[in-house]
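In the working numbering, the protein residues as written are 2 to 376. Just so you know, even glycine gets a beta-carbon here, dropped at the ideal spot from N, CA and C.
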Amino acid sequence: MIRTAAIVGTGLIGTSVALALTRRGVRVHLLDIDPLAVQVATALGAGSPNAPTGPTDLAVLAVPPSAVPLVLAEQQARRLAHSYTDVASVKNAIATAAVPDEALAWDTYIGGHPMAGGTDSGPLAARSDLFEGRAWVLTPTPETSRSTFNRGLEAVALCGAVPVIMDDDEHDRAVALVSHAPHAIASLLAARLPGSSRDTLRLADHGLHDATRIAGGDPRLWSGILEANASAVADVLGDVAKDLDTLLDALRDLAAGLNRSRARTVLGDVLERGLLGWDSIRRQRDHHADQGVELRVALTDQPGELARLIATAAELGVGRHQITADGAGGVLTARVTVGRTNAGHVALRLAEAGLHTEPPGDRVITAPDRPAVVV
């Protein structure tokens with residue numbers, strides 16, 4: 002159980018994590034090379050500016066991706082915590098960093114990335130509810146210990162986020178598509194605007210604001226992110242560039258009155274595929290907003306196991322009406338339906354009670370020394 006935590010880096014994300022943990026009763030220690038950032042975070046009620054006298058249960062490294070390996074090595078050397086995670090948006094660069102293996106204890110580290118943020122930076126922009134209902138990726142490796150894995154899960158649950166388990170490469174490819182390439186494209190579009198007349202800018206409506214909003218991020222931070230994930234982002238932008246070339250040819254043909262039928266087909270295809278992509282995001286968002294998570298618990302033949310599950314769930318605020326039993330295939334399985342933001346916390350507590358969970362039809366990460374985890 003996480004009772005104490007250290008936050009290394011008190012910017013927007015680090016301070017938001019600190020506020021969320023403090024709200025749940027965790028004693029938080031704040032560390033940053035910038036004393037003013039610590040002072041502001043402390044004034045917000047995010048934790049204590051004093052270094053811990055002994056190892057905390059968990060340290061969260063809220064520093065840029067390129068700094069994570071060195072900061073991890075430094076904090077492990079000073080025994081800041083029993084387990085470590087980070088919030089960096091690129092994972093493979095950390096795993097392959099040029100830091101001697103003997104300098105890092107990989108069993109005490111689990112990669113992390115909360116899919117939340119904002120265009121404003123610094124501790125003043127932090128919020129305790131920043132992660133509520135948002136996906137939070139964890140990237141355990143075969144070296145990650147069970148205790149570190151569970152602390153990572155508990156931190157996600159304490160922040161009100163939804164745990165998603167991925168490996169480093171899968172994560173980096175995914176965020177290249179859903180986060181990093183969109184930021185680059187938004188920046189390219191916004192870069193057309195400087196020098197425009199006041200009358201032109203007065204015509205800017207919600208469409209332009211929506212398309213360029215994320216370009217307001219810190220250029221220095223985003224430069225580091227794009228560099229760290231350059232290969233995956235280049236793959237996405239390369240595909241976009243091919244589509245853009247095709248669209249350009251079609252538009253120029255239409256402007257010149259050439260190949261109108263083919264050009265209209267190309268234009269319609271681009272817009273239709275865009276609509277399909279937008280709709281997939283909308284449906285996923287609505288699914289997360291409107292539905293709970295169904296955890297499946299495979300019960301053993303031990304007498305009273307279902308009663309133990311019901312009692313354990315009741316301690317977590319899960320009512321009897323949220324539990325059903327299924328005997329398909331001759332194996333007794335209990336299905337526990339919980340709110341999405343509470344799913345990680347419930348899964349962790351059930352696992353600690355020896356009741357391992359898995360979601361029907363979804364992928365499950367397992368290892369001999371740690372419980373199955375919802376993905």
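| Item | Value |
| --- | --- |
| Span of the alpha helix (DSSP H), counted from its first residue to its last, around Trp-107 | Run containing Trp-107: none; DSSP gives neither H nor E here. |
| Distance between Val-271 and Asp-291 (C-alpha atoms, nearest Å) | Because the pLDDT at Asp-291 is just 49, under 50, the model does not fix this residue reliably, and the point stays unresolved. |
| Length of the line joining the Cα atoms of Val-339 and Leu-249 | 48 Å |
| Run of the beta strand (DSSP E) containing Val-138, from where it starts to where it stops | 136-140 |
| Cβ contact check for the region 302-315 and the region 342-361: 3 or more pairs under 8 Å | yes |
| Coarse secondary structure for Ser-224, derived from DSSP in three states | helix |
| Validate contact between the region 136-149 and the region 12-23 using beta carbons, cut 8 Å, 3 pairs | no |
| Exposed unless 16 or more other CB atoms sit within 10 angstroms - verdict on Ser-90 | buried |
| Option in Pro-66, Thr-11 and Pro-65 with minimal Cα separation from Thr-43 | Thr-11 |
| Beta-carbon proximity of Ser-49 to Ala-127, cut-off 8 Å | no |
| Simplified DSSP state of Ile-8, which is helix, strand or coil | strand |
| Segment contact, 8 Å Cβ cut-off, at least three pairs: the region 191-201 with the region 230-241 | no |
| Neighbour-count burial assignment, Leu-131, 16 or more Cβ in a 10 Å radius | buried |
| Buried or exposed (CB count within 10 angstroms, at least 16 for buried), Ile-14 | buried |
| Beta-carbon spacing of Thr-334, Val-298 below 8 Å | yes |
| His-184 versus Gly-225, Gly-46 and Gln-76, residue with shortest Cα-Cα distance | Gly-225 |
| Buried or exposed (CB count within 10 angstroms, at least 16 for buried), Ile-111 | buried |
| Straight-line gap, Phe-150 to Leu-71 (C-alpha atoms, nearest Å) | 21 Å |
| Cα-Cα separation, Gln-76 to Ala-82 | 8 Å |
| Through-space distance from Thr-301 to Gly-46, alpha-carbon basis | 46 Å |
| Straight-line gap, Leu-178 to Pro-304 (C-alpha atoms, nearest Å) | 49 Å |
| Unbroken beta strand (DSSP E) run spanning Ser-84, endpoints | 82-87 |
| Extent of the continuous beta strand (DSSP E) run through Ala-326 | 324-327 |
| Alpha carbon of Ala-78 to alpha carbon of Leu-227, nearest angstrom | 29 Å |
| 4 or more residues per run - each alpha helix (DSSP H) lying fully within the region 294-354 | 306-316 and 344-353 |
| Alpha carbon of Met-116 to alpha carbon of Ala-175, nearest angstrom | 11 Å |
| Proximal residues to Asp-327 (C-beta, below 8 Å), its chain only, five neighbours per side dropped | Leu-333, Thr-334, Ala-335 and Arg-336 |
| Where Pro-115 falls: helix, strand or coil (DSSP) | strand |
| Reduced DSSP secondary structure (H/G/I, E/B, other) of Leu-202 | helix |
| 8 Å CB neighbourhood of Leu-37 in its chain, flanking five on each side removed | none |
| Residue range of the unbroken beta strand (DSSP E) whose run includes Arg-193 | No beta strand (DSSP E) contains Arg-193, which DSSP labels as neither H nor E. |
| Nearest neighbour of Leu-209, chosen from Ala-229, Ala-187, Leu-222 and Arg-274 [CA to CA] | Ala-187 |
| Which of helix, strand or coil DSSP assigns to Thr-358 | strand |
| Three-state secondary structure assigned by DSSP to Ala-60 | strand |
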